[in-house]
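Chains as they are written, first to last, in this note's numbering: chain A, 1 to 200; chain B, 1001 to 1200. Positions of the beta carbon are idealized from the N, C-alpha and C atoms, including for glycine.
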DNA sequence: CATTGAATCGGAGGGTTCTCCGCTTATTTC
DNA sequence: GAAATAAGCGGAGAACCCTCCGATTCAATG
């Protein structure tokens, strides 16, 4: 989403590609929390300085890996079929979106966990801004008068990778149960049944 | 809240005290993000191994510092005067509690920021469990039939230190505005006005 | 091609977190 | 007191993140 005034040099592009390949493979083999940038550099045959020049820091590299699958996800909620895409009423799109975010996070759970313990810049950068803008737009329609941007942050905070993992592993909730509870929360926020509610 | 079968030895207690003192002073002088455990150890006149034996890791030490003010806060919502303490209706206590949590986080903002980038064990340990149990209890009363424990996690996720700081510094929201929006969210969740609502 | 200057590379090194384990000390028991 | 033993101590060192900057390489130009 940012223009690159001078196009990337050939060797730089080659190295970026190689680094991403190696990092993906090492994560698949040893798990994301074992990822050492020193080792990635050595394995990719470049200096560690090159890794940092290309990706800024550890979280930057992780975002690059996340981005590979992110585009398809964004297509779905920006221009895909309802209920997540345009066409369904806002409240319904919100619920479909949140459910999809849960799946999205589970899909690359380790990577999202890593990103979330990076710097704030990393946490709220990357795809977060896109998700937030989208959700805030829908909320503004579904619940005019409320602070849509705050609510968007609050809902996204409820689907952060750490919390989901905690609820799954420590509280023994299934992913379905999490989605159901989230659905209930979204219903409340968008003006659903005030005190009773239909079954999940 | 955990029994300690063998009481702590005198030298160990002395060292714990000394380490906490030194850490508090160093944070007051240089800021929490500059806190180096090596330096704390040297300054306290103990080996770095002693620091880790006593506090487990960096986040453990930070919790110990947070705990010093935590007790007074817990008194307030467990047995203090309404609306945060017993006596007020649950929905009102929830809103008062959330507002107080925001103040609590702002009070030791740097420390909460540090804790939140520790391991999950650190994040959901310590005071978190107490806050969660309290909030879930109130939610179960205010909104029977809903998944109170999930909702408690979701609301607490909305008041995490990173998010508050982000809203304050990047979005330019005042603490009052944050509290007001949070109040709105809590009203929705506890069965407040479905779509319109009174002004914050 | 040869030149040239800007972009890129790479790895030594500073600073940090945390582990490991032989040595020391407090406390209990006789 | 002295001996026994469990707990605690401490610092060397492994592993890691990231910075810095001289050496190198690319690609545009004549």
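Taking the C-alpha atoms as reference points, what is the distance between residue i and residue j?
| i | j | result |
| --- | --- | --- |
| residue 154 (chain A) | residue 135 (chain A) | 11 Å |
| residue 1087 (chain B) | residue 149 (chain A) | 33 Å |
| residue 1128 (chain B) | residue 192 (chain A) | 29 Å |
| residue 13 (chain A) | residue 1179 (chain B) | 47 Å |
| residue 1190 (chain B) | residue 1142 (chain B) | 6 Å |
| residue 21 (chain A) | residue 28 (chain A) | 11 Å |
| residue 48 (chain A) | residue 30 (chain A) | 20 Å |
| residue 85 (chain A) | residue 1061 (chain B) | 47 Å |
| residue 187 (chain A) | residue 1188 (chain B) | 9 Å |
| residue 97 (chain A) | residue 117 (chain A) | 24 Å |
| residue 1010 (chain B) | residue 1052 (chain B) | 18 Å |
| residue 1019 (chain B) | residue 7 (chain A) | 53 Å |
| residue 77 (chain A) | residue 32 (chain A) | 27 Å |
| residue 146 (chain A) | residue 1099 (chain B) | 18 Å |
| residue 164 (chain A) | residue 1035 (chain B) | 30 Å |
| residue 59 (chain A) | residue 1119 (chain B) | 16 Å |
| residue 1103 (chain B) | residue 1093 (chain B) | 15 Å |
| residue 122 (chain A) | residue 1181 (chain B) | 25 Å |
Once DSSP output is grouped into helix, strand and coil, what is the label at residue i?
| i | result |
| --- | --- |
| residue 1013 (chain B) | helix |
| residue 146 (chain A) | coil |
| residue 1086 (chain B) | strand |
| residue 127 (chain A) | helix |
| residue 8 (chain A) | coil |
| residue 133 (chain A) | helix |
| residue 1204 (chain B) | Residue 1204 (chain B) is absent from the structure shown; chain B starts at 1001 and stops at 1200. |
| residue 108 (chain A) | coil |
| residue 119 (chain A) | coil |
| residue 22 (chain A) | helix |
| residue 3 (chain A) | Note that residue 3 (chain A) scores a pLDDT of 45, beneath 50, so its modelled location is shaky; the value from the coordinates is reported in the next line. In this structure, residue 3 (chain A) counts as coil in the three-state DSSP scheme. |
| residue 159 (chain A) | coil |
| residue 1029 (chain B) | helix |
| residue 170 (chain A) | coil |
Starting from the C-beta of residue i, find all residues in its chain whose C-beta is less than 6 Å away, skip the five residues before and the five after it, and write them out in chain order.
| i | result |
| --- | --- |
| residue 1157 (chain B) | none |
| residue 1091 (chain B) | 1142, 1190 |
| residue 50 (chain A) | 15 |
| residue 1112 (chain B) | 1105, 1161 |
| residue 183 (chain A) | 95 |
| residue 54 (chain A) | 16 |
Who are the near neighbours of residue i in its chain, counting only those whose CB is closer than 7 Å to its CB and skipping five residues on each side?
| i | result |
| --- | --- |
| residue 1173 (chain B) | 1167 |
| residue 1140 (chain B) | 1148 |
| residue 1024 (chain B) | 1065 |
For residue i, which residues in the same chain have their Cβ closer than 8 Å to its Cβ, ignoring the five residues on either side in sequence?
| i | result |
| --- | --- |
| residue 1101 (chain B) | 1131, 1156, 1159 |
| residue 39 (chain A) | 26 |
Inset, instruction - Jot down the residue ranges of each uninterrupted alpha helix (DSSP H) in the segment 1043-1081 of chain B, minimum 4 residues, whole runs only, in chain order. - result: 1048-1055, 1058-1079
Legend entry - Given 8 Å, three or more beta-carbon pairs between the segment 1100-1119 of chain B and the segment 1063-1076 of chain B: yes
Inset, instruction - Could you say if the segment 1077-1085 of chain B and the segment 1041-1057 of chain B meet the contact criterion of at least three C-beta pairs nearer than 8 Å? - result: no
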